[in-house]
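Have a look at the structure below, then the notes.
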Amino acid sequence: MSRSKVLISGGAGFIGRHLACRLADEGHSVRLLDPLTEQVHGPVPRGLEWIESHGVELIRGSVTCRRDWDRALKGVEEVAHLAAETGTGQSMYEVGKYCSVNVGGTALLLEVLGEMPQRSVRRVLLASSRSVYGEGAFRCVHCDAGRLTPQPRGLAQLQRNQWEPGCPACGRELMPVPTAEGDAIQPASIYAATKHAQEELVRIGCSSLGVGFGILRLQNVYGEGQSLKNPYTGILSIFSTRIRRGLELPIFEDGLESRDFVHVSDVVEAFTLALKSKEPVNDVLNVGTGTATSVRDLAAELSKALGHEPRLVITGQFRTGDIRHNFADLSKAGKLLGFAPKVDLTEGLRRFAAWVNEEPLPEDRLDQANRELQERKLMS
(Lines of atoms letter the chains of each structure in order from A and count residues from 1; the text may use other names and numbers.)
(Lines give C-alpha, C1' and ligand atoms only; values in the text may rest on other atoms or scores of the structure.)
Protein backbone atom coordinates (compact mmCIF):
# COMPACT_ATOMS: atom_id res chain seq x y z
CA MET A 1 0.00 0.00 0.00
CA SER A 2 1.40 3.40 -0.96
CA ARG A 3 1.16 6.00 1.77
CA SER A 4 -2.52 6.85 1.92
CA LYS A 5 -5.09 8.57 4.09
CA VAL A 6 -6.79 6.06 6.39
CA LEU A 7 -9.89 6.55 8.53
CA ILE A 8 -10.27 4.30 11.56
CA SER A 9 -13.73 4.34 13.10
CA GLY A 10 -13.51 3.53 16.78
CA GLY A 11 -9.89 4.51 16.36
CA ALA A 12 -9.26 5.66 19.93
CA GLY A 13 -10.19 2.21 21.21
CA PHE A 14 -7.95 -0.73 21.95
CA ILE A 15 -7.32 -2.16 18.49
CA GLY A 16 -7.73 1.22 16.80
CA ARG A 17 -4.95 2.79 18.83
CA HIS A 18 -2.47 0.05 17.92
CA LEU A 19 -3.45 0.17 14.26
CA ALA A 20 -3.30 3.98 14.11
CA CYS A 21 0.18 4.08 15.63
CA ARG A 22 1.44 1.37 13.25
CA LEU A 23 0.08 3.17 10.17
CA ALA A 24 1.26 6.59 11.32
CA ASP A 25 4.74 5.21 11.99
CA GLU A 26 4.77 3.85 8.43
CA GLY A 27 4.03 7.30 7.04
CA HIS A 28 0.29 7.14 6.44
CA SER A 29 -2.05 9.99 7.20
CA VAL A 30 -4.43 8.70 9.88
CA ARG A 31 -7.78 10.09 10.99
CA LEU A 32 -9.88 8.70 13.83
CA LEU A 33 -13.64 8.85 14.37
CA ASP A 34 -14.47 8.00 17.98
CA PRO A 35 -17.06 9.16 20.55
CA LEU A 36 -14.72 8.45 23.51
CA THR A 37 -17.50 6.69 25.42
CA GLU A 38 -17.41 6.61 29.21
CA GLN A 39 -17.72 2.81 29.43
CA VAL A 40 -14.42 2.41 27.57
CA HIS A 41 -12.48 5.60 28.36
CA GLY A 42 -13.92 6.61 31.75
CA PRO A 43 -15.86 9.79 32.65
CA VAL A 44 -12.84 11.92 31.68
CA PRO A 45 -10.92 10.36 28.76
CA ARG A 46 -7.25 9.99 29.62
CA GLY A 47 -4.17 8.49 28.03
CA LEU A 48 -4.78 10.02 24.61
CA GLU A 49 -1.41 11.77 24.30
CA TRP A 50 -0.40 9.25 21.64
CA ILE A 51 -2.84 10.85 19.22
CA GLU A 52 -0.90 14.11 19.12
CA SER A 53 2.53 12.50 19.41
CA HIS A 54 1.84 10.35 16.33
CA GLY A 55 0.37 13.21 14.31
CA VAL A 56 -3.04 11.53 14.19
CA GLU A 57 -6.22 13.52 13.62
CA LEU A 58 -9.18 12.88 15.93
CA ILE A 59 -12.79 13.67 15.13
CA ARG A 60 -14.87 13.15 18.26
CA GLY A 61 -18.11 11.87 16.85
CA SER A 62 -20.41 8.90 16.40
CA VAL A 63 -20.93 6.42 13.59
CA THR A 64 -24.67 6.97 14.10
CA CYS A 65 -24.37 10.63 13.00
CA ARG A 66 -24.39 11.40 9.26
CA ARG A 67 -22.63 14.72 9.75
CA ASP A 68 -19.76 13.01 11.56
CA TRP A 69 -19.35 10.47 8.75
CA ASP A 70 -19.42 13.31 6.20
CA ARG A 71 -16.54 15.04 7.98
CA ALA A 72 -14.58 11.89 8.65
CA LEU A 73 -14.68 10.48 5.10
CA LYS A 74 -13.49 13.59 3.26
CA GLY A 75 -10.31 12.82 1.32
CA VAL A 76 -10.00 9.32 2.81
CA GLU A 77 -8.78 6.41 0.66
CA GLU A 78 -9.00 3.50 3.11
CA VAL A 79 -11.46 2.83 5.94
CA ALA A 80 -10.91 0.44 8.84
CA HIS A 81 -14.36 0.14 10.42
CA LEU A 82 -13.73 -0.94 14.01
CA ALA A 83 -16.42 1.04 15.82
CA ALA A 84 -18.92 -1.24 17.57
CA GLU A 85 -20.65 -1.94 20.83
CA THR A 86 -19.04 -5.12 22.16
CA GLY A 87 -19.88 -7.66 24.84
CA THR A 88 -22.07 -10.72 24.57
CA GLY A 89 -23.93 -10.40 27.87
CA GLN A 90 -24.74 -6.70 27.65
CA SER A 91 -25.98 -7.09 24.10
CA MET A 92 -28.80 -9.35 25.28
CA TYR A 93 -30.57 -6.49 27.08
CA GLU A 94 -29.25 -3.37 25.33
CA VAL A 95 -30.53 -4.63 22.02
CA GLY A 96 -31.49 -1.24 20.58
CA LYS A 97 -28.09 0.32 21.29
CA TYR A 98 -26.17 -2.59 19.78
CA CYS A 99 -28.32 -2.55 16.65
CA SER A 100 -28.15 1.25 16.35
CA VAL A 101 -24.37 1.47 16.61
CA ASN A 102 -23.27 -1.76 14.94
CA VAL A 103 -25.88 -2.18 12.23
CA GLY A 104 -27.13 1.40 11.86
CA GLY A 105 -23.63 2.87 11.96
CA THR A 106 -22.42 0.53 9.23
CA ALA A 107 -25.49 1.24 7.09
CA LEU A 108 -24.89 4.97 7.48
CA LEU A 109 -21.26 4.57 6.39
CA LEU A 110 -22.43 2.92 3.18
CA GLU A 111 -25.14 5.53 2.60
CA VAL A 112 -22.65 8.37 2.92
CA LEU A 113 -20.17 6.59 0.65
CA GLY A 114 -22.89 6.17 -1.95
CA GLU A 115 -23.85 9.84 -1.83
CA MET A 116 -20.33 11.29 -2.09
CA PRO A 117 -20.03 13.17 -5.42
CA GLN A 118 -16.26 12.57 -5.58
CA ARG A 119 -15.65 9.40 -3.62
CA SER A 120 -11.99 8.84 -2.77
CA VAL A 121 -12.54 5.69 -0.66
CA ARG A 122 -11.31 2.59 -2.50
CA ARG A 123 -11.32 0.01 0.31
CA VAL A 124 -13.26 -0.75 3.50
CA LEU A 125 -12.08 -3.25 6.11
CA LEU A 126 -14.52 -4.47 8.74
CA ALA A 127 -13.57 -5.82 12.15
CA SER A 128 -16.02 -8.68 12.58
CA SER A 129 -16.05 -11.44 15.17
CA ARG A 130 -15.71 -15.20 15.54
CA SER A 131 -19.01 -14.97 17.46
CA VAL A 132 -20.92 -15.17 14.16
CA TYR A 133 -20.14 -18.90 14.02
CA GLY A 134 -21.92 -19.66 17.26
CA GLU A 135 -20.66 -22.98 18.55
CA GLY A 136 -18.20 -23.37 15.69
CA ALA A 137 -17.05 -26.63 14.08
CA PHE A 138 -16.83 -30.13 15.57
CA ARG A 139 -16.50 -33.75 14.57
CA CYS A 140 -17.60 -36.93 16.27
CA VAL A 141 -14.85 -39.41 17.14
CA HIS A 142 -17.40 -42.09 17.99
CA CYS A 143 -19.29 -42.36 14.70
CA ASP A 144 -19.06 -41.29 11.06
CA ALA A 145 -21.27 -38.19 11.37
CA GLY A 146 -18.52 -36.10 9.73
CA ARG A 147 -17.87 -32.37 10.20
CA LEU A 148 -20.63 -30.74 12.24
CA THR A 149 -21.72 -27.21 13.16
CA PRO A 150 -24.12 -27.64 16.09
CA GLN A 151 -26.96 -25.30 16.93
CA PRO A 152 -26.38 -23.00 19.96
CA ARG A 153 -26.83 -24.84 23.24
CA GLY A 154 -30.33 -24.47 24.68
CA LEU A 155 -31.37 -23.37 28.17
CA ALA A 156 -32.55 -26.84 29.18
CA GLN A 157 -29.20 -28.38 28.21
CA LEU A 158 -27.25 -25.78 30.18
CA GLN A 159 -29.48 -26.19 33.24
CA ARG A 160 -28.51 -29.88 33.24
CA ASN A 161 -24.83 -28.84 33.29
CA GLN A 162 -24.47 -30.56 29.94
CA TRP A 163 -21.85 -28.22 28.61
CA GLU A 164 -20.59 -29.94 25.48
CA PRO A 165 -22.60 -30.07 22.24
CA GLY A 166 -23.78 -33.59 21.42
CA CYS A 167 -23.57 -35.56 18.21
CA PRO A 168 -26.94 -35.57 16.40
CA ALA A 169 -26.25 -39.14 15.21
CA CYS A 170 -25.01 -40.94 18.32
CA GLY A 171 -25.63 -38.41 21.09
CA ARG A 172 -22.08 -38.51 22.45
CA GLU A 173 -19.82 -35.51 23.04
CA LEU A 174 -18.16 -33.89 20.05
CA MET A 175 -14.55 -32.80 19.60
CA PRO A 176 -13.98 -29.18 18.49
CA VAL A 177 -11.97 -28.60 15.30
CA PRO A 178 -10.73 -25.33 13.76
CA THR A 179 -13.61 -23.24 12.42
CA ALA A 180 -13.27 -22.24 8.76
CA GLU A 181 -14.83 -19.29 6.97
CA GLY A 182 -17.18 -21.57 5.06
CA ASP A 183 -18.70 -23.11 8.19
CA ALA A 184 -22.28 -22.32 9.16
CA ILE A 185 -23.17 -18.89 10.52
CA GLN A 186 -25.24 -19.42 13.69
CA PRO A 187 -25.13 -16.36 15.99
CA ALA A 188 -26.02 -17.16 19.60
CA SER A 189 -26.19 -13.57 20.90
CA ILE A 190 -27.49 -10.19 19.81
CA TYR A 191 -23.88 -8.99 19.53
CA ALA A 192 -23.07 -11.84 17.16
CA ALA A 193 -26.20 -11.14 15.12
CA THR A 194 -25.18 -7.49 14.69
CA LYS A 195 -21.68 -8.48 13.58
CA HIS A 196 -23.13 -10.81 10.94
CA ALA A 197 -25.43 -8.00 9.79
CA GLN A 198 -22.39 -5.73 9.49
CA GLU A 199 -20.67 -8.32 7.33
CA GLU A 200 -23.58 -8.59 4.94
CA LEU A 201 -23.98 -4.82 4.70
CA VAL A 202 -20.29 -4.36 3.87
CA ARG A 203 -20.24 -7.23 1.38
CA ILE A 204 -23.35 -6.14 -0.50
CA GLY A 205 -22.88 -2.38 -0.10
CA CYS A 206 -19.24 -2.22 -1.13
CA SER A 207 -19.80 -4.59 -4.05
CA SER A 208 -22.62 -2.42 -5.39
CA LEU A 209 -20.52 0.75 -5.02
CA GLY A 210 -17.42 -0.74 -6.65
CA VAL A 211 -15.45 -0.31 -3.41
CA GLY A 212 -13.06 -3.06 -2.36
CA PHE A 213 -13.61 -4.69 1.03
CA GLY A 214 -12.25 -7.16 3.51
CA ILE A 215 -14.01 -8.75 6.49
CA LEU A 216 -11.74 -9.92 9.30
CA ARG A 217 -13.37 -12.25 11.81
CA LEU A 218 -11.35 -11.66 14.95
CA GLN A 219 -10.98 -14.21 17.72
CA ASN A 220 -10.58 -13.04 21.35
CA VAL A 221 -8.22 -10.07 21.12
CA TYR A 222 -6.11 -9.05 24.12
CA GLY A 223 -2.99 -7.06 24.89
CA GLU A 224 -1.46 -3.91 26.26
CA GLY A 225 -3.74 -0.89 26.12
CA GLN A 226 -7.11 -2.62 26.31
CA SER A 227 -9.72 -0.98 28.51
CA LEU A 228 -9.44 -1.95 32.17
CA LYS A 229 -12.59 0.03 32.99
CA ASN A 230 -15.15 -1.97 31.01
CA PRO A 231 -16.69 -4.82 33.08
CA TYR A 232 -18.73 -6.18 30.18
CA THR A 233 -16.05 -7.39 27.78
CA GLY A 234 -12.39 -8.42 27.74
CA ILE A 235 -11.90 -11.44 29.97
CA LEU A 236 -8.20 -10.71 30.56
CA SER A 237 -8.82 -7.15 31.70
CA ILE A 238 -11.70 -8.24 33.96
CA PHE A 239 -9.65 -11.04 35.50
CA SER A 240 -6.51 -8.89 35.86
CA THR A 241 -8.34 -6.40 38.08
CA ARG A 242 -9.64 -9.13 40.37
CA ILE A 243 -6.24 -10.82 40.55
CA ARG A 244 -4.53 -7.57 41.53
CA ARG A 245 -7.17 -6.99 44.21
CA GLY A 246 -6.67 -10.48 45.66
CA LEU A 247 -10.18 -11.57 44.70
CA GLU A 248 -11.34 -14.96 43.52
CA LEU A 249 -11.87 -15.54 39.81
CA PRO A 250 -15.35 -16.93 39.12
CA ILE A 251 -15.18 -19.32 36.15
CA PHE A 252 -18.42 -20.12 34.31
CA GLU A 253 -19.57 -23.63 33.44
CA ASP A 254 -16.79 -26.13 34.25
CA GLY A 255 -13.95 -23.86 33.14
CA LEU A 256 -13.12 -26.06 30.17
CA GLU A 257 -14.84 -23.82 27.63
CA SER A 258 -12.13 -22.63 25.26
CA ARG A 259 -11.24 -19.62 23.14
CA ASP A 260 -8.58 -18.56 20.66
CA PHE A 261 -6.71 -15.67 22.34
CA VAL A 262 -4.88 -13.51 19.80
CA HIS A 263 -2.53 -10.67 20.69
CA VAL A 264 -3.44 -7.23 19.39
CA SER A 265 -0.14 -6.91 17.52
CA ASP A 266 -1.09 -9.89 15.37
CA VAL A 267 -4.52 -8.38 14.69
CA VAL A 268 -2.86 -5.14 13.60
CA GLU A 269 -0.58 -7.14 11.32
CA ALA A 270 -3.61 -8.75 9.66
CA PHE A 271 -5.28 -5.37 9.08
CA THR A 272 -2.06 -3.90 7.72
CA LEU A 273 -1.60 -6.80 5.32
CA ALA A 274 -5.19 -6.41 4.13
CA LEU A 275 -4.64 -2.70 3.53
CA LYS A 276 -1.33 -3.30 1.74
CA SER A 277 -2.60 -6.04 -0.55
CA LYS A 278 -2.43 -5.00 -4.19
CA GLU A 279 -6.00 -6.11 -4.80
CA PRO A 280 -8.79 -5.95 -2.20
CA VAL A 281 -9.50 -9.24 -0.45
CA ASN A 282 -13.25 -8.98 -1.19
CA ASP A 283 -13.76 -11.91 1.14
CA VAL A 284 -14.00 -13.05 4.78
CA LEU A 285 -10.87 -14.07 6.69
CA ASN A 286 -10.34 -15.53 10.16
CA VAL A 287 -7.76 -13.84 12.38
CA GLY A 288 -6.52 -15.68 15.46
CA THR A 289 -3.77 -18.06 16.54
CA GLY A 290 -5.43 -21.36 15.63
CA THR A 291 -4.90 -22.59 19.20
CA ALA A 292 -7.65 -23.24 21.76
CA THR A 293 -7.08 -22.37 25.43
CA SER A 294 -9.54 -23.19 28.19
CA VAL A 295 -10.77 -20.33 30.38
CA ARG A 296 -9.52 -22.26 33.42
CA ASP A 297 -5.99 -22.47 32.01
CA LEU A 298 -6.06 -18.85 30.92
CA ALA A 299 -7.05 -17.68 34.41
CA ALA A 300 -4.29 -19.72 36.02
CA GLU A 301 -1.60 -18.54 33.60
CA LEU A 302 -2.68 -14.90 33.88
CA SER A 303 -2.54 -15.10 37.68
CA LYS A 304 1.01 -16.42 37.54
CA ALA A 305 2.06 -13.79 34.99
CA LEU A 306 0.80 -11.10 37.38
CA GLY A 307 2.77 -12.65 40.25
CA HIS A 308 -0.18 -14.18 42.14
CA GLU A 309 -1.27 -17.68 43.05
CA PRO A 310 -4.39 -18.64 41.10
CA ARG A 311 -7.65 -18.32 43.08
CA LEU A 312 -10.14 -19.95 40.76
CA VAL A 313 -13.73 -20.82 41.62
CA ILE A 314 -15.58 -23.03 39.15
CA THR A 315 -19.13 -21.73 39.59
CA GLY A 316 -21.18 -23.93 37.24
CA GLN A 317 -23.04 -20.78 36.25
CA PHE A 318 -23.68 -19.86 32.63
CA ARG A 319 -24.70 -16.89 30.52
CA THR A 320 -27.24 -16.88 27.75
CA GLY A 321 -25.47 -16.36 24.43
CA ASP A 322 -22.10 -17.81 25.42
CA ILE A 323 -20.55 -20.46 23.20
CA ARG A 324 -18.56 -23.50 24.29
CA HIS A 325 -15.55 -23.64 21.97
CA ASN A 326 -14.17 -21.77 19.01
CA PHE A 327 -10.74 -21.49 17.44
CA ALA A 328 -9.72 -20.41 13.99
CA ASP A 329 -8.66 -22.16 10.83
CA LEU A 330 -6.12 -19.66 9.48
CA SER A 331 -5.29 -21.33 6.18
CA LYS A 332 -7.26 -18.81 4.09
CA ALA A 333 -5.66 -15.75 5.73
CA GLY A 334 -2.28 -17.36 5.25
CA LYS A 335 -2.92 -18.02 1.58
CA LEU A 336 -4.46 -14.64 0.67
CA LEU A 337 -2.48 -12.32 2.96
CA GLY A 338 0.53 -14.31 4.09
CA PHE A 339 -0.77 -13.87 7.65
CA ALA A 340 0.73 -15.97 10.46
CA PRO A 341 0.49 -15.07 14.18
CA LYS A 342 3.79 -14.29 15.86
CA VAL A 343 2.90 -13.86 19.56
CA ASP A 344 2.08 -17.04 21.48
CA LEU A 345 -0.03 -16.92 24.64
CA THR A 346 2.91 -17.18 27.05
CA GLU A 347 4.67 -14.18 25.52
CA GLY A 348 1.41 -12.29 25.12
CA LEU A 349 0.45 -12.76 28.77
CA ARG A 350 3.93 -11.69 29.87
CA ARG A 351 3.62 -8.46 27.90
CA PHE A 352 0.04 -7.87 29.04
CA ALA A 353 0.92 -8.46 32.71
CA ALA A 354 3.94 -6.13 32.59
CA TRP A 355 1.70 -3.37 31.23
CA VAL A 356 -1.17 -4.02 33.66
CA ASN A 357 1.12 -3.90 36.69
CA GLU A 358 2.12 -0.34 35.74
CA GLU A 359 -1.49 0.85 35.38
CA PRO A 360 -3.65 2.38 38.15
CA LEU A 361 -5.77 -0.26 39.87
CA PRO A 362 -9.33 0.03 38.54
CA GLU A 363 -12.53 -0.56 40.48
CA ASP A 364 -13.80 -4.12 40.22
CA ARG A 365 -17.26 -4.00 38.63
CA LEU A 366 -17.68 -7.64 37.59
CA ASP A 367 -20.22 -8.40 40.32
CA GLN A 368 -22.30 -5.41 39.22
CA ALA A 369 -22.25 -6.57 35.59
CA ASN A 370 -23.24 -10.11 36.62
CA ARG A 371 -26.10 -8.83 38.79
CA GLU A 372 -27.49 -6.98 35.79
CA LEU A 373 -27.54 -10.25 33.85
CA GLN A 374 -29.10 -12.19 36.72
CA GLU A 375 -31.84 -9.61 37.20
CA ARG A 376 -32.75 -10.07 33.55
CA LYS A 377 -32.58 -13.88 33.86
CA LEU A 378 -29.68 -14.00 31.35
CA MET A 379 -27.30 -15.70 33.79
CA SER A 380 -27.91 -18.69 36.01
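Sequence positions in the sequence shown follow my numbering and run 102 to 481.
Each residue gets a CB set at the ideal place from its N, CA and C atoms; glycine is no exception.
Nearest candidate by alpha-carbon position, reference R240, set V278, L209 and A121: For the purposes of this step, residue 240 is taken as the residue at position 139 of the sequence shown. Out of V278, L209 and A121, V278 has the C-alpha closest to the C-alpha of R240.
Using the C-alpha atoms, what's the distance from C200 back to V368? To locate residue 368, count along the sequence shown from 1; it is residue 267. To locate residue 200, count along the sequence shown from 1; it is residue 99. Each residue's Cα considered, the two are about 25 Å apart.
Contacting residues, own chain, Cβ-Cβ under 6 Å from G117 (five flanking each side not counted): Start at 1 with the first residue of the sequence shown, and residue 117 comes out as number 16. By the criterion of a C-beta distance shorter than 6 Å, G117 is surrounded in its chain by I109, G111 and L183, once the five residues flanking it on both sides are discounted.
Can you round the beta-carbon distance between H426 and E358 to whole angstroms, since I take them to be within the 8 Å contact cut? Against the sequence shown, residue 426 aligns to sequence position 325. Against the sequence shown, residue 358 aligns to sequence position 257. Going by Cβ atoms, the distance from H426 to E358 rounds to 7 Å, so yes, they are a contact pair.
Three Cβ pairs or more, each shorter than 8 Å: is that satisfied between the region 173-188 and the region 219-232? yes
Provide the residue span of the beta strand (DSSP E) that contains F314, from first to last. Residue numbering aside, residue 314 sits at position 213 when the sequence shown is read from its first letter. Element bounds for F314: G313 to L319.
Helix, strand or coil: how does DSSP classify K106 here? For the purposes of this step, residue 106 is taken as residue 5 along the sequence shown, with counting starting at 1. Of the three classes helix, strand and coil, the one that applies to K106 here is strand, per DSSP.
In whole angstroms, give me the CA-to-CA distance for W508 and R304. This structure cannot speak to residue 508, because the chain is shown only from 102 to 481.
Going by DSSP, what residues sit across from L159 in a beta bridge? As a working mapping, residue 159 is identified with position 58 in the sequence shown. Looking at the DSSP assignment, L159 forms a beta bridge with L133.
Hey, how far is the Cα of V233 from the Cα of A289? Counting from 1 along the sequence shown, the entry for residue 233 is found at position 132. Counting from 1 along the sequence shown, the entry for residue 289 is found at position 188. Here the alpha carbons of A289 and V233 stand approximately 8 Å from one another.
For C244, which of R273, S221 and I286 has the nearest alpha-carbon? Taking the first residue of the sequence shown as 1, we reach residue 244 at position 143. Among R273, S221 and I286, the Cα nearest to that of C244 belongs to R273.
Proximal residues to E325 (C-beta, below 7 Å), its chain only, five neighbours per side dropped: Position 224 of the sequence shown holds residue 325. R452, F453 and W456.
Residues near V145 by beta carbon distance below 6 Å, same chain, minus five either side: Reading the sequence shown from its first residue, position 44 is the one you call residue 145. In this predicted model, V145 has a pLDDT of only 44, less than 50, meaning its place in the structure is not dependable enough to derive any value.
Per DSSP, what kind of secondary structure is R360 in: helix, strand or coil? For the purposes of this step, residue 360 is taken as residue 259 along the sequence shown, with counting starting at 1. DSSP places R360 in strand when its eight states are reduced to three.
Kindly indicate which three-state DSSP category G306 falls into: helix, strand or coil? Counting from 1 along the sequence shown, the entry for residue 306 is found at position 205. G306: helix per DSSP, three-state reduction.
Segment contact, 8 Å Cβ cut-off, at least three pairs: the region 401-415 with the region 342-351: yes
Taking the CB atoms as reference points, tell me whether E153 and K106 lie closer together than 8 Å. Here residue 153 corresponds to residue number 52 of the sequence shown, with the count starting at 1. Here residue 106 corresponds to residue number 5 of the sequence shown, with the count starting at 1. Contact: no.
Going by CA-CA distance only, name the one from G205, R345 and G197 that's closest to C166. Mapped onto the sequence shown, residue 166 falls at position 65. Out of G205, R345 and G197, G205 has the C-alpha closest to the C-alpha of C166.
Roughly how many whole angstroms lie between the Cα atoms of T295 and M276? Within the sequence shown, the letter at position 194 stands for residue 295. Within the sequence shown, the letter at position 175 stands for residue 276. Cα to Cα, T295 sits roughly 28 Å from M276.
Could you check whether A375 and R319 sit closer than 8 Å to each other, using their CB atoms as the reference points? Locating residue 319 in the sequence shown gives position 218, counting from the first residue. Locating residue 375 in the sequence shown gives position 274, counting from the first residue. One point to set straight first is that residue 319 is Leu, not Arg, in the sequence displayed. Cβ distance not < 8 Å, so L319 and A375 don't count as in contact.
Have a look at H119 and A246 and give me their C-alpha separation to the nearest angstrom. The sequence position of residue 119 within the sequence shown is 18, counting from 1. The sequence position of residue 246 within the sequence shown is 145, counting from 1. Looking at the two C-alpha atoms, the distance is approximately 43 Å.
From P266, S130, E150 and A113, pick the residue whose C-alpha is nearest to that of S163; which is it? On the sequence shown, residue 163 is found 62 positions in, with the first residue counted as 1. Considering only alpha carbons, the answer is A113.
Measure from the alpha carbon of T207 to the alpha carbon of each residue in E300, H129, R168 and G188, then state which is nearest. Residue numbering aside, residue 207 sits at position 106 when the sequence shown is read from its first letter. Among E300, H129, R168 and G188, the Cα nearest to that of T207 is on E300.
Could you spell out where the beta strand (DSSP E) holding N387 opens and where it closes? Residue numbering aside, residue 387 sits at position 286 when the sequence shown is read from its first letter. Run containing N387: V385 to V388, per the beta strand (DSSP E) assignment.
Straight-line CA distance for I482 to E354? Shown here, the chain extends from 102 to 481; a query on residue 482 therefore has no answer.
Quick one: is T447 buried, meaning 16 or more other Cβ sit within 10 Å of its Cβ, or exposed? Position 346 of the sequence shown, counted from the start, is the residue given in the question as residue 447. Answer is exposed; the Cβ neighbour count stays below 16.
Boundaries of the alpha helix (DSSP H) in which I336 is found, first to last residue: Sequence index remark: in the sequence shown, residue 336 carries index 235 (1-based). Note, I336: alpha helix (DSSP H), I336 to R345.
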